[in-house]
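First the structure, in the form of structure tokens, and then the observations on it.
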Amino acid sequence: MLIKGGNAVDAAVATCFCLGVVYPMSSGIGGGAFMVVLDSASSKAQAFNSRETAPSAASKDMYGSNIKNKSECAISMGVPGEIARLYEAWSIYGKLDWADLFQPAIKLARDGFVVSHFLGLGINKTKSQEMVMRFLGAGETCYNRKLAETSEILANEGPSAFYNGELGKNFVKDVQEAGGIVTEEDLKNYKVDITDVVTTNHMLAYRMNLGDPKFVDITKYQAEMLSPSFAAEIRRNISDDTTHPSKYYLPEWSQLNDHGTSHFCVVDKDRNVVSVTATINHYFGAGLLSPSTGIILNNQMDDFSAPSEKPKGEDKLPPAPSNFIEPNKRPLSSMSPLIILKENQLVGVLGASGGINIIPAVTQVFLNHFIIRMTPLSAVKQPRVYHKVVPNVVLYENWTAVTGEDIQLSQDNISLLKGRNHVLNATAAGAICQLVVQNKLGKLTAVSDPRKGGRPAAVKFESSHPYIM
1 MLIKGGNAVD AAVATCFCLG VVYPMSSGIG GGAFMVVLDS ASSKAQAFNS
51 RETAPSAASK DMYGSNIKNK SECAISMGVP GEIARLYEAW SIYGKLDWAD
101 LFQPAIKLAR DGFVVSHFLG LGINKTKSQE MVMRFLGAGE TCYNRKLAET
151 SEILANEGPS AFYNGELGKN FVKDVQEAGG IVTEEDLKNY KVDITDVVTT
201 NHMLAYRMNL GDPKFVDITK YQAEMLSPSF AAEIRRNISD DTTHPSKYYL
251 PEWSQLNDHG TSHFCVVDKD RNVVSVTATI NHYFGAGLLS PSTGIILNNQ
301 MDDFSAPSEK PKGEDKLPPA PSNFIEPNKR PLSSMSPLII LKENQLVGVL
351 GASGGINIIP AVTQVFLNHF IIRMTPLSAV KQPRVYHKVV PNVVLYENWT
401 AVTGEDIQLS QDNISLLKGR NHVLNATAAG AICQLVVQNK LGKLTAVSDP
451 RKGGRPAAVK FESSHPYIM
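When you line the sequence shown up against full-length UniProt numbering, it's residues 1 to 469, in that order.
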């Protein structure tokens, strides 16, 4: 899209469509996203929240004792916002024709694509979810010709075909026949939240007091978290030589445990910037595919808290009331797409996929590069640690990337943490980060996380002739 003369938003929209085809276990037009756009001409940044909303028939007690239905059935689907977000962003910032942005994804869905290593692993992990009759492995060719047909309709008719047309009517029919409660009216009423970008920092232990600001008055909690007195109190409670039990760190409610996502960053030659994290929640969402549209259903309702949820393991805390289900409400999320400015100049774009691990991963990569001054590649490759507050366990990375590279926390750091009374467990899972850095001369350095074999791509223009690097 950049070669065709499009900008960062055009490229991001087309990339989202393609990801929904070739990596359907993590995102797609049946899901939602957070997207941050920086417009170089106006220096204005906007946030697009297309998080799925609870259907109008939803209620906080709708799952009763059948909590598994919150994640595994059609009734776990929230109202999809992906198509609406992509259209809204394109209508404000896009340069290319809307239909042009669909063409690569249509070709992939219709003509087929090779199943990647990690998609093959995802398929293997979810074999109990009978979306297909035969389970494909890495290296085989996958087709979704119904999704190609759906994409062609959206390309020609726009999002109204889904939110207020035959396409949406057929989709809702499939969902309801599978036991879902989303209605045509829910689709018609869906709206993307477009706001000025908020710059803030939240404590992980404290964030479960937050919720959809249209339903929960979070002004008090935001003000308290950002107040100097609260920061001073937290600082007084930090011990450099030891850790403490979980209750010492103020958690009142059971922590959010959201799941996989896709993330990417785009910077164009004019320095328009997009950072976007998209999701359908669990691998392959609800594990169901709409036969008439080829769209995989999200299971975003699982990101709400429910009164009947029982604590798991060491997490004995009650579910968070501010995150209870209400009609048209959005659940909490860990998605954190960032655009980083210094003195109003672009210095970085950052984000990650990986559910609840996103926030600590993004924080560590940010600190590694912008504070500790590691190179962009070292900042992303550096082994990470993860802590959910409850349970009071530090997970440290110990795994081999697809490149064959070992990513493991050093023995010195392990000993240091043990010396401060941390309980440690090794993990071969975590977030996958993308980072783009711009130096003072305007040079861009892009890094894709080697943990999943990621590789950045660039378009170089020489004598008006572009080529991909």
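The beta carbon of each residue, even a glycine, is placed where N, CA and C say it ideally should be.
Could you say which of the options lies nearest to residue i if we only look at CA atoms?
| i | options | result |
| --- | --- | --- |
| T150 | A138, T141, E140, Y163 | Y163 |
| P376 | A278, A446, T403 | A446 |
| R110 | E152, D268, Y93 | E152 |
| S50 | L317, N156, T277 | T277 |
| A41 | G122, D241, D268, T126 | D268 |
| C16 | T261, F324, F370 | T261 |
| G78 | I296, Y93, S43 | I296 |
| N298 | E52, A231, A14, K68 | E52 |
| G180 | S76, P104, R235, K146 | S76 |
| S65 | K329, A105, P307 | P307 |
| Y386 | V423, P450, G32, E405 | V423 |
| D241 | G165, R373, N368, N421 | N421 |
| N156 | A8, W98, D193, Q176 | W98 |
| T243 | N439, Q408, V393 | V393 |
Within 10 angstroms of the Cβ of residue i, are there 16 or more other Cβ atoms? Answer buried if so, exposed if not.
| i | result |
| --- | --- |
| R455 | exposed |
| residue 470 | In the structure displayed, the chain extends from 1 to 469; residue 470 sits before or after that span and is not available. |
| K191 | exposed |
| L101 | buried |
| F34 | buried |
| L416 | exposed |
| T400 | exposed |
| P337 | buried |
| T279 | buried |
| G348 | buried |
| F324 | buried |
| R330 | buried |
| S239 | exposed |
| V436 | buried |
| S322 | buried |
| L332 | buried |
Measuring only from the beta carbon, is residue i closer than 8 Å to any heavy atom that is part of the ligand COA?
| i | result |
| --- | --- |
| A41 | Ligands displayed in this structure: none; no statement on the ligand COA is therefore possible. |
Check residue i in the structure and name its three-state DSSP category.
| i | result |
| --- | --- |
| S275 | strand |
| F102 | helix |
| D406 | strand |
| T15 | helix |
| E427 | The sequence shown places Thr at residue 427, rather than the Glu named in the question. Strand, per DSSP. |
| H369 | helix |
| A74 | helix |
| F284 | coil |
| N124 | helix |
| A457 | coil |
| G5 | coil |
| A361 | helix |
| A205 | Any reading at A205 must be qualified, since the residue scores a pLDDT of 42, below 50, and its modelled position is unreliable; the value itself is stated next. If DSSP states are grouped into helix, strand and coil, A205 belongs with coil. |
| T150 | helix |
| residue 478 | Examination of residue 478 is not possible in this model, given that the chain is present from 1 through 469 alone. |
| I234 | helix |
Hey, quick one: how far does the beta strand (DSSP E) through residue i stretch, first residue to last?
| i | result |
| --- | --- |
| T195 | 193-196 |
| V36 | 32-39 |
| I325 | Note, I325: premise wrong, no beta strand (DSSP E); not H, not E. |
| F264 | 262-267 |
| N421 | Note, N421: premise wrong, no beta strand (DSSP E); not H, not E. |
| W397 | First, the amino acid is wrong: residue 397 is Glu here, not Trp. It spans 394-400 - the beta strand (DSSP E) in which E397 sits, taken as one unbroken run. |
Tell me which residue opens and which closes the alpha helix (DSSP H) that residue i is part of.
| i | result |
| --- | --- |
| S378 | 376-381 |
| E52 | Careful: E52 lies outside any alpha helix (DSSP H) and carries neither H nor E. |
| E82 | 82-93 |
| S65 | Neither: S65 is in no alpha helix (DSSP H) and is coded neither H nor E. |
| Q345 | No alpha helix (DSSP H) holds Q345; the beta strand (DSSP E) holding it covers 345-353. |
| A161 | 160-163 |
| K188 | 184-189 |
Looking only at its chain, what residues have a beta carbon closer than 6 Å to the beta carbon of residue i, apart from the 5 residues adjacent to it on each side?
| i | result |
| --- | --- |
| A431 | A352, G354, N357, I358, A361 |
| T427 | L395 |
| G120 | G137, A138 |
| G6 | K95, L96 |
| Y143 | G112 |
| R207 | Any reading at R207 needs caution, since the residue's pLDDT is 49, under 50, leaving its predicted position unreliable; the model's value is listed next. So no residue of the chain qualifies. |
Which residues in the same chain as residue i place their Cβ atom closer than 8 Å to its Cβ, once the five residues preceding and following it in sequence are excluded?
| i | result |
| --- | --- |
| T195 | Q46, A47, N49 |
| K452 | F118, A401, V402, I432 |
| F461 | K269 |
What residues in its chain sit with their C-beta under 7 Å from that of residue i, if we drop five residues either side in the sequence?
| i | result |
| --- | --- |
| L204 | Confidence is the limiting factor: at L204 the pLDDT is only 42, short of 50, which leaves the residue's position unreliable and the question unanswerable from this model. |
| Q411 | none |
| L2 | A11, D268, V459 |
| R271 | S40, L346 |
| F264 | T15, V276, Q434 |
| Y283 | M25, G122, K125, T126, G260 |
| E184 | G168, K169, V172 |
| E140 | V115 |
Is residue i close to chain B, meaning its C-beta is less than 9 Å from at least one C-beta of that chain?
| i | result |
| --- | --- |
| F113 | Annotation note: the requested chain B is absent from the structure, which comprises a single protein chain. |
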